[in-house]
Amino acid sequence: MSSDNKTALYQEHLSLGGKMVSFAGWSMPVEYPSGLRVEHANVRSKVGLFDVSHMGEFRVQGPEALKTVEHLTTNFVAGLEKNQAQYSLLCNEQGGVVDDLIVYCLEEGTDYLLCVNASNRHKDFEWVVKNNLGAEISDISDLWSQIAVQGPNAYELVEKVYPGFQSSSLKNFELLQTSFEGSSCIIAKTGYTGEAGFEIFIENEKAVQLWQALLEKGQGLGVLPIGLGARDSLRTEMKYSLYGHEIDDTTLPHEAGLNWVVKATKKDFIGKAAILEAKELGFSKKLVGFKMKGRGIPRQSYLLFSFDNQEIGWVTSGTMSPTLNEAIGIAYIKPEFAPVGSEFNVQIRGKNIAAEVVKTPFVNQK
Amino acid sequence: MSKKFIVPEENYYTKDHEWAYVDENIVTVGITTFAQDKLGEIVYVDLPEEGNKVTQNEDFGVVESVKAASDLLSPVSGTVIEVNDGVMDNPGVLNDDPLNDGWLIKIEMDSEKELANLIRAGEYRKLIEKES
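Chains A and B are the protein sequences, given in the same order.
The letter at position 136 of the first sequence is residue 119 when you use this note's numbering, and the numbering goes up by one with no holes.
The letter at position 101 of the second sequence is residue 102 when you use this note's numbering, and the numbering goes up by one with no holes.
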C-alpha cells in the first residue's frame, strides 16, 4: 500500500471512512461506509462525487497540435470547436486499441487536453510522444485532480458551488474553462455513469477545497462520495468499455462497438489501414450485453458455450446489477450469437448456466 | 484505525477466513466477520446440496459481492448433512450475522485428524491483524 500514489484527496477519503485499495498504482477508495449498493443507487437517484484524479492528463499544444492529435486518435478532431470534447481511441498500427480517451479542445488547432486511463498513463504517454508530429506534449497528470459529479442533482450542485454558472449553458461534451478560488479549472459535461453530470479538472492545490464545497453544498441534494466499486457497476450497467476488460491492444474498435468514434472517411490516423482491412474481411467477435437466466453471476474471463457445447466467447465484465438486481454481463461472442434474444451458456465454476443477449444499455434505455 | 472483529474462541479457522464449529463429528461452517467486511455487501451465495462430498481446502461454494466472487473452502473433508438454504435467498444475512444466522453448511467429517490443519482463534486474530 505504502508504495501507491495518493491523490490530493487521499486524506478526505480516510476521514470519510473510505475503504482504500490499490488500483493502477494508486491508493483509491473502493467504497465508503454507506456501501457500494447505496452509493450506486445514490448516483442514479440523487448525486455522487468521485475522485478520479488517478486518470492521466496530457496537454498537446502548439501549431502542430491538431495535426498530432488527428494522427494519434480515431475521432475527427478538426470537427471540434474550442470548448468541445469528444470520446476517442488511440490505436496501434494493427488497429488494436492502445486506450480510450476524451479529447478536450481548449483552443482550436493549438491546445488539446487528452484524458486517459490511469492504468495506461505511462504506456500512452510513450506512445503519444513516439508518434508526435511536432507538437509540445506534456504529462500534466501530477498537477491536476479530477472530480466527477454525477447524477440527476449534479447540475444544481455544481451551480451552487460555482455562482453564476448555468448548467444549461453547456451541452453534453462541452466544457467551460473557469476558475475556482483563484485556481484554474475546467468543467466538462462528460461522465462514465450514464447519468447527467460533470467532470471537473482542478489544480491540486484547490482540490480539497472543491471536494469539501461539493459535499457541503450537496447536503440538501443528497450527495454522497462514491468509490471505484460503484463506478464500475455504474459503467457496466451502461455497457461502457473499460480498458483491460472490453478493450485492449488486440481488440479492434468495431469489435467493441466503438466504430462510431472511428472516422476513417474523414481523416488518416494510426491503425486506419488495418481497421479498414479487418472490416473488409469481417470480424470474428462482437461485444454484447447479456443477462443470466439461471442462478450465477458472470465474471471476467468466464467462457461462453453454445448449447451444442462449442466455445463461442468469453465474459469481459459482469456483476449483480444494483439497479436491476439481476446478474448482467458484457461479453465477446461469435457474431452469429450476437443478435438480441440469442441464448447460450456461461460456464460458472464448471457448471453451464443459461444466459441471453439483451438490448443495452441495461438501464436508462431511451 | 483497525476495526475490531469478533473471533469466537471456541471455533477453528481456515487461513481463507472460514470458521468451523466442531461438535463431536459434526462441523458447522461459515465465513468470519473479517471475511464479510472484506467482501462488502454480499449479493449472491451458492452452496452444495445435502449428501455432497466436500474436501478439505477445496471449494464447496461461493460468496459474491457486486464487485467480486470469492470461493468458499471447506475446513474439513466429509459429507454435507445440512444446508442453510435461506442464505441463498437472503445473502445479506452473511453481512449481518455471519457467525450465527449466516452459517452455511454442516459437514459430517471423515477424520478428526484434519482439524490439526486448521488454526485457532489466537492465531486467526494475528492473521487478520496482518491482512487488515
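For glycine and all other residues, C-beta sits at the position ideal for the given N, C-alpha and C.
- Within 7 Å of the CB of A/M275, no CB atom of chain B is found; the nearest one sits about 10 Å away.
- Annotation: Cβ neighbours of A/P305 in chain B (cutoff 7 Å, chain order): V67.
- Residues of chain B with a Cβ closer than 8 Å to the Cβ of A/D215 are, in chain order, K68.
- Interface flag for B/Y45 against chain A is set, since a Cβ pair is found closer than 8 Å.
- A/G92 and A/A48 have their C-alpha atoms roughly 6 Å apart.
- Within the DSSP secondary-structure output, B/D72 pairs in a beta bridge with B/V63.
- With a contact defined as Cβ atoms closer than 8 Å, A/I185 and A/F163 qualify at about 6 Å.
- Not flagged as an interface residue toward chain A: B/V94, since no C-beta distance is shorter than 8 Å.
- Think of a sphere of 7 Å around the beta carbon of B/G52: no beta carbon from chain A falls inside it, the nearest being about 17 Å out.
- Put simply, the backbone Cα of A/G254 is about 45 Å away from that of B/G62.
- In terms of Cα proximity to A/T57, the closest of A/L211, A/L241, A/K222 and A/E178 is A/L241.
- With contact defined as three or more Cβ pairs closer than 8 Å, the stretch 128 to 143 of chain A and the stretch 24 to 44 of chain A are in contact.
- Residue contact with chain A for B/E132: absent (no Cβ-Cβ distance below 8 Å to any residue of chain A).
- Here the alpha carbon of A/P46 sits roughly 28 Å from the alpha carbon of A/G79.
- Using a Cβ-Cβ distance cut-off of 8 Å, the stretch 38 to 56 of chain B and the stretch 97 to 110 of chain B are in contact, since at least three pairs of beta carbons, one from each stretch, lie closer than that value.
- For A/E14, the chain B residues whose Cβ falls inside 7 Å of its Cβ are G41, in order along the chain.
- Contact of A/I209 with chain B is not assigned, every C-beta pair being separated by 8 Å or more.
- Against chain B, the CB of A/L19 has a partner CB under 8 Å away; the residue lies at that interface.
- Linking A/K274 to A/K50 through their CA atoms gives a straight-line distance of about 43 Å.
- For A/K342, the closest alpha carbon among the candidates A/N328, A/Q330, A/R332 and A/G312 is that of A/G312.
- For A/R278, the three-state secondary structure derived from DSSP is coil.
- Secondary structure remark: continuous beta strand (DSSP E) runs of at least 3 residues inside the stretch 172 to 225 of chain A, in chain order: 180 to 186 and 206 to 208.
- With a threshold of 16 other beta carbon atoms within 10 Å, B/A21 meets it and is buried.
- Annotation: the continuous beta strand (DSSP E) that includes A/F163 extends over L158 to F163.
- Within chain A, R332 have C-beta atoms less than 8 Å from the C-beta of B/V63, given in sequence order.
- Taking each of A/T248, A/G205 and A/V329 in turn and checking the Cα distance to A/S28, the smallest one comes out for A/G205.
- By the 16-neighbour rule on beta-carbons within 10 angstroms, A/W194 is buried.
- Taking A/F59 as the centre and dropping the five residues before and after it, the same chain places the C-beta of K246, K249 and K250 closer than 7 Å to its C-beta, in chain order.
- Shortest Cα-Cα distance from A/G227 to any of A/N187, A/N103 and A/Y138 involves A/N103.
- Assigned with DSSP and collapsed to three states, A/D34 falls in strand.
- Taking CB atoms only, A/G177 has no neighbour in chain B less than 8 Å away.
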